[in-house]
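Asks: First, the structure itself, so that you have it in front of you.
Number of protein chains: 2
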Amino acid sequence: MEPNANNNMHPDNCLGITPMEVHKVVPPPHRSTIQKLKSKLKETFFPDDPLLQFKRQPLGKKWILAAQYVFPILQWGPNYSFKLFKSDIVSGLTIASLAIPQGISYAKLASLPPIVGLYSSFVPPLVYAVLGSSRDLAVGPVSIASLILGSMLRQKVSPINDPLLFLQLAFSSTFFAGLFQASLGLLRLGFIIDFLSKAILIGFMAGAAVIVSLQQLKSLLGITHFTKQMGLVPVLSSAFHNINESMRKPKLFWVSAGAPLLSVILSTILVFAFKAQHHGISVIGKLQEGLNPPSWNMLHFHGSNLGLVIKTGLVTGIISLTEGIAVGRTFAALKNYQVDGNKEMMAIGLMNVIGSATSCYVTTGAFSRSAVNHNAGAKTAVSNVVMSVTVMVTLLFLMPLFQYTPNVVLGAIIVTAVIGLIDFPAACQIWKIDKFDFVVMLCAFFGVVFISVQDGLAIAVAISIFKILLQVTRPKTLVLGNIPGTDIFRNLHHYKDATRIPGFLILSIEAPINFANTTYLKERILRWINEYETEEDIKKQSSIHFLILDLSAVSAIDTSGVSLFKDLKKAVENKGVEASAWHLNCLFFSILVLVNPVGEVLEKLLRADDARDIMGPDTLYLTVGEAVAALSSTMKGQSSSYV
Amino acid sequence: MEPNANNNMHPDNCLGITPMEVHKVVPPPHRSTIQKLKSKLKETFFPDDPLLQFKRQPLGKKWILAAQYVFPILQWGPNYSFKLFKSDIVSGLTIASLAIPQGISYAKLASLPPIVGLYSSFVPPLVYAVLGSSRDLAVGPVSIASLILGSMLRQKVSPINDPLLFLQLAFSSTFFAGLFQASLGLLRLGFIIDFLSKAILIGFMAGAAVIVSLQQLKSLLGITHFTKQMGLVPVLSSAFHNINESMRKPKLFWVSAGAPLLSVILSTILVFAFKAQHHGISVIGKLQEGLNPPSWNMLHFHGSNLGLVIKTGLVTGIISLTEGIAVGRTFAALKNYQVDGNKEMMAIGLMNVIGSATSCYVTTGAFSRSAVNHNAGAKTAVSNVVMSVTVMVTLLFLMPLFQYTPNVVLGAIIVTAVIGLIDFPAACQIWKIDKFDFVVMLCAFFGVVFISVQDGLAIAVAISIFKILLQVTRPKTLVLGNIPGTDIFRNLHHYKDATRIPGFLILSIEAPINFANTTYLKERILRWINEYETEEDIKKQSSIHFLILDLSAVSAIDTSGVSLFKDLKKAVENKGVEASAWHLNCLFFSILVLVNPVGEVLEKLLRADDARDIMGPDTLYLTVGEAVAALSSTMKGQSSSYV
């Protein structure tokens with residue numbers, strides 16, 4: 001503990017500054033351009049400093065750490081115990097019972113053969129178990145990505161007329177989705193998924209849920225006529241409604257976890273027993289037995305559909321990545337461990353690249369299944385392995401059992417899953433906190449429902465970015481006033497007891513100054529001056545002597561920003577000349593004063609050719625309080641008649 | 001003058017705060033959503049408050065002011081005097097002597113008939129004289145916009161094979177340029193031109209200058225063989241070199257102002273005298289006499305070229321608008337009067353719409369001609385009228401005189417004008433102040449030279465916006481330390497005498513918190529905590545008791561931002577629990593403390609469902625100094641053994 005720091009804690013010493021004690025504003029310690037660039041790159045791309053753990057380690061240890069970094073399984077694998085395995089096997093079997101019916105259903109949602117959904121629940125979980133760092137993620141196909149994949153590819157190719165081409169395009173899109181995801185992680189550009197804000201996702205998922213439900217309802221209603229006799233649909237949908245409710249209550253989660261498989265089994269038995277397939281109930285039909293066939297020869301890297309598969313890969317890749325990362329982070333926060341976003345992206349990306357070569361389509365960490373996994377007591381990624389083995393057994397031996405599964409039950413499974421995506425309480429919360437976010441959410445919702453999935457997303461993201469740009473181009477300027485009895489200066493329009501100091505206009509600029517806002521800031525500040533003078537003129541013949549700009553919140557500046565200060569200085573001095581001309585007997589002066597520029601801003605201001613013009617000896621202070629105290633004594637000396 | 005404010009200026013009263021005197025953070029005065037929206041819209045679109053002058057005025061006066069607002073000529077017209085006219089006639093004739101040769105030259109640069117350049121120097125200046133608010137702007141065709149118009153239209157239509165269609169497209173592009181400019185002004189979206197930063201413009205203009213010069217040199221060199229005998233080219237180019245130099249020196253500006261016309265006259269006489277047109281010197285040839293023919297029937301509003309003309313209109317419109325506004329602002333600042341950006345946009349836009357119907361192509365305020373106008377003593381827009389009348393006389397009676405003007409002298413005029421656009425000192429200044437701006441400048445330069453005018457601009461603008469987004473997605477977090485003997489807290493890495501206070505980690509977040517940076521901020525702040533603990537652990541067994549976040553610079557927040565504080569609070573409290581588990585005998589605690597949230601941020605935090613969770617009684621302070629003073633006494637009481 002430094003002795004100085006300790007002293008500050010004594011009440012009588014802490015604020016021993018007198019008004020005339022002025023602290024100098026000094027430029028920050030010199031760093032070369034290279035050093036600056038290096039630290040900027042580090043802050044931009046390595047905020048979590050992944051190499052920190054490698055520091056001060058012997059070489060052998062470094063290799064082990066590196067291997068553990070690439071394959072997290074090496075980290076937890078050696079300590080794996082039978083006790084953990086017992087938990088994992090229960091949760092693994094539980095999510096398998098979800099994954100099998102959901103896999104078949106989601107594949108149908110993507111207009112793919114049902115078996116592809118099962119393939120996608122076999123290989124990717126194994127890959128993730130080796131590479132992934134989340135302990136709770138249950139990997140497999142998800143509804144949203146399936147919906148997008150299907151709807152984007154259907155725009156150009158019909159899955160009914162040309163099923164083989166459609167399958168090839170789906171695998172190719174999966175390849176590009178994986179490639180894109182892995183690249184984002186490798187290039188540490190993960191922040192791109194941050195642009196899908198929570199508001200966008202809530203609107204988007206609700207919109208997607210509406211679309212999917214309408215699609216499925218159409219087919220559900222189309223067969224109502226035939227199924228009414230058995231009351232299958234009403235029974236199922238009310239059952240699922242209850243299940244959906246119970247999903248939110250961990251205690252009843254076994255019901256929600258078991259229901260889809262139970263429904264499939266029950267409905268299959270019913271269809272088989274009543275031979276309902278001959279009475280208009282459409283069933284899945286014969287499925288091929290056996291494990292994933294290789295599919296790398298089906299990938300399209302050229303030809304007329306390349307643009308389509310790249311675009312589809314990008315959109316499904318970013319959407320499924322967003323879901324996977326969000327799920328991983330949510331459960332990591334619950335269990336208080338860290339998930340490295342960029343590492344996860346590489347794991348999910350590789351999983352999809354390998355998947356695309358083994359007849360799998362886009363997979364990621366599914367929210368609902370991961371929740372079940374977590375609640376069933378999953379401890380490590382071994383639960384994914386257990387699920388994968390269960391799916392393998394199904395693929396090898398149990399496929400004939402699905403022959404009589406009615407399609408309608410798959411539709412119900414889909415609707416149940418997606419209806420759960422509509423999050424009204426979150427929407428209400430957004431409305432309460434931020435109206436603009438709510439508008440963005442509505443744009444995403446209506447865009448997805450009425451235009452298309454990718455355009456709805458693009459519109460919402462564009463509006464969000466526009467809002468950020470608007471914040472930058474129209475930064476806030478606050479007028480500060482003194483809180484009586486202190487040297488604290490705060491926003492006049494926020495703290496009602498803050499008071500103006502005559503002759504001073506104190507503004508705080510609340511954004512980096514750059515080309516996009518220099519003009520605005522100049523206009524706005526000149527308007528503050530005019531308003532101030534109009535106001536003061538009515539009260540008494542006073543004019544601005546000091547324009548104090550508090551730059552504490554100006555985190556960066558560029559060449560245009562530097563010129564702003566030159567222009568303002570000139571404008572302020574002209575005001576002084578004008579005022580002197582009006583009040584003939586008295587010399588007026590107006591001075592621009594800067595307070596607390598941060599390191600980078602100060603450096604750039606000093607580097608300008610006319611730095612001395614902008615920052616004279618009495619025009620740079622460390623705090624507003626010191627500036628006012630020092631300058632008000634000057635003012636009293638020179639034009640006392642007006643103050 | 002409020003009595004309180006005055007009291008604060010007494011030295012003994014100014015800083016009378018004791019460490020334990022804590023000022024409450026209160027929410028700002030309540031305003032309804034509509035009020036907030038209204039004030040936000042006003043700040044965004046009416047920063048200059050154009051309606052301010054209408055306040056507290058009788059109705060009749062309001063009408064007069066409104067008319068003067070729309071037609072600035074009504075403002076200065078009634079006070080116009082013969083003395084002003086004498087100045088204006090001199091400057092008007094001077095710029096006419098520039099406008100005639102430059103008009104012909106720039107029209108050729110745009111691949112248009114030379115006479116269109118003269119037409120464009122007749123009608124638009126008259127329109128501007130009525131609507132424009134700048135007193136120094138010399139209106140007419142400019143080199144950059146001519147270059148872009150020509151090069152964009154030539155991509156699809158050949159001016160040699162299909163001159164009529166080319167002309168029609170040029171007029172149509174002019175129409176859309178004007179429409180776009182006027183709309184920007186009317187919708188108060190003028191900030192869009194701010195995105196063309198100074199760095200971009202310098203790079204862009206230098207690139208354009210290189211392209212134009214190379215184009216012209218090719219034709220200049222092509223005839224060197226023939227002209228060598230007369231030494232015309234060497235003479236002219238050395239003459240122009242000198243002129244270009246003298247442009248920077250106002251005293252010699254008569255030389256630069258008169259040189260182009262003089263060159264044209266001299267070279268025309270020489271060609272005529274020596275009958276050089278028969279010896280390989282290409283000349284303009286016969287030009288049609290008479291004023292602008294109407295051209296509204298030539299505008300294309302449909303058909304296959306509509307996309308091209310709209311795109312060309314957009315690019316030329318925004319570029320010429322940028323030049324016009326920049327020129328207007330520069331000279332207004334020199335003479336200390338105000339130019340209303342949005343009004344100017346409407347004036348320039350209407351000028352081009354009317355121009356497109358009267359055989360004119362894109363015009364704006366030209367920098368070089370406006371400088372000559374200013375130096376020649378122009379007082380009002382009447383100098384534009386004088387120029388216009390001179391051009392009219394030329395069009396009516398003097399056209400035959402240009403028959404023998406050699407094309408080479410037009411090329412020389414163009415090269416001279418564009419070489420002056422390369423601004424090396426400004427480029428050096430940019431390099432000195434901001435390296436990133438320099439990179440943007442280079443991108444604009446090389447983009448224009450090696451790709452195309454519009455793509456070069458687009459790339460440079462995209463990079464600039466990307467930089468802004470990067471600043472927002474990767475905001476700075478500064479670690480603050482106490483400046484000994486004060487209650488001032490400043491960046492530890494900037495002020496070397498600032499010291500850490502044990503048990504406290506004080507961070508200042510330097511940007512609005514939103515969806516795009518929430519994840520980053522969380523990661524970065526957790527890393528600060530880890531680094532702090534690693535560092536402190538080595539020195540002595542100390543842990544963080546208080547994480548203080550200074551939110552003074554956080555100007556806005558959204559729903560994602562609100563959740564950041566929930567997550568941080570949880571993470572910080574977990575740290576405390578962990579620390580307690582390690583140091584068994586001592587109860588540790590870690591608390592998240594917020595300092596000085598601005599009004600909007602505080603309101604949104606309070607509106608969150610779990611506001612009380614985030615901001616407990618002892619976790620919200622007005623200044624860092626007060627927070628540290630109040631909390632350090634708590635800390636001493638509870639875990640004194642560690643501090």
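So the sequences go chain by chain: A and B. Residue numbers for the first sequence follow full-length UniProt numbering, so the first one is 1 and each next one is one higher. Residue numbers for the second sequence follow full-length UniProt numbering, so the first one is 1 and each next one is one higher. All C-beta atoms, glycine included, are put in the ideal place defined by N, C-alpha and C. Keep in mind that this is a model prediction, so the values were computed, not measured.
(1) What residues in the stretch 588–604 of chain A bring their beta carbon closer than 7 Å to a beta carbon of chain B?
(2) Compare the C-beta of A:A107 with all C-beta atoms of chain B and state if any pair is closer than 8 Å.
(3) Per DSSP, which residues does A:N491 bridge with? Please list them.
(4) Excluding five sequence neighbours on each side, which residues of the same chain lie with their C-beta closer than 6 Å to the C-beta of A:E510?
(5) For B:F331 versus B:S359, is the C-beta spacing smaller than 8 Å?
(6) Determine whether the beta carbon atoms of A:G313 and A:F180 lie at a separation below 8 Å.
(7) Only counting the same chain, and skipping five residues up and downstream in sequence, which positions put a Cβ closer than 8 Å to that of A:F85?
(8) The alpha helix (DSSP H) that contains B:S97, what's its start and end?
(9) Whole angstroms are fine: how far does the CA of B:F515 sit from the CA of A:G447?
(10) Start and end of the alpha helix (DSSP H) containing A:I115?
(11) Step through the CB atoms of chain B and report whether any lies within less than 8 Å of the CB of A:L631.
(12) According to DSSP, simplified to helix, strand and coil, what is A:F367?
(13) Under the rule that 16 or more other beta-carbon atoms within 10 Å means buried, what is A:H374, buried or exposed?
(14) Can you name the start and end residues of the alpha helix (DSSP H) that A:F45 belongs to?
(15) Among residues of its own chain, excluding the 5 on either side of A:V123, which ones have a beta-carbon nearer than 7 Å to its beta-carbon?
(16) Quick one: what's got a C-beta closer than 8 Å to A:F46's C-beta in the same chain, skipping five residues either side?
(17) If distances are taken between C-alpha atoms only, which option among B:A571, B:D610 and B:Q471 comes closest to A:L41?
(18) Do B:L568 and B:K522 have their C-beta atoms closer together than 8 Å?
(19) Taking the DSSP output, what are the residues bridged to A:S508?
(20) Since A:I591 is in the beta strand (DSSP E), which residue starts that stretch and which ends it?
(21) Using 10 angstroms around the beta-carbon of A:Q454, count the other beta-carbons present and answer buried if the total reaches 16, otherwise exposed.
(22) Quick check on the DSSP output: what are the complete alpha helix (DSSP H) runs of length 4 or more inside the stretch 412–469 of chain B, in order along the chain?
(23) Residues of the stretch 184–206 of chain B with a CB closer than 7 Å to any CB of chain A: list them in chain order, please.
(24) Chain A partners of residue 683 of chain B, CB-CB under 9 Å?
(25) Expressed to the nearest angstrom, what Euclidean distance is found between the alpha-carbon atoms of A:I160 and A:V212?
(26) Take B:T316 as the anchor and find which of B:L147, B:D434 and B:S452 has the nearest alpha-carbon.
(27) Find the residues of chain A that neighbour B:K435, judging by a C-beta separation of less than 7 Å, and give them in chain order.
(28) Tell me which residue opens and which closes the alpha helix (DSSP H) that A:P124 is part of.
(29) Can you confirm whether A:L396, when its beta carbon is compared against all beta carbons of chain B, has any partner nearer than 8 Å?
(30) Would DSSP call A:Y69 helix, strand or coil?
(31) Look at the alpha carbon of B:I89 and the alpha carbon of B:I419, and state the distance between them as a whole number of angstroms.
(32) Please confirm whether A:M351 and A:V139 have their CB atoms less than 8 Å apart.
(33) Here's the rule I'm using: 16 or more other beta-carbon atoms within 10 Å means buried, otherwise exposed. How should A:F402 be labelled?
(34) Throw me the rounded Cβ distance for the B:A99 and B:S121 pair, which I believe falls under 8 Å.
(35) Would a C-beta distance cut-off of 8 Å place B:D487 and B:G625 closer than the cut-off?
(36) Is there at least one Cβ from chain B nearer than 8 Å to A:L549's Cβ?
Replies: Looking at the atomic coordinates:
(1) V598, G599 and K604
(2) no
(3) A:L480
(4) P475, K476 and A553
(5) no
(6) yes
(7) V382
(8) F82 to L109
(9) 20 Å
(10) P114 to Y119
(11) no
(12) helix
(13) buried
(14) T33 to F45
(15) N292, I354, G355, T358 and C360
(16) R188
(17) B:Q471
(18) yes
(19) A:L478 and A:D550
(20) I591 to V595
(21) buried
(22) 424–433 and 435–446
(23) F191, D194, F195, S197, K198 and A199
(24) No information on residue 683 of chain B is available, as it lies outside the stretch 1 to 643 that chain B covers here.
(25) 19 Å
(26) B:L147
(27) T33
(28) V123 to L131
(29) no
(30) helix
(31) 29 Å
(32) yes
(33) buried
(34) 4 Å
(35) yes
(36) no
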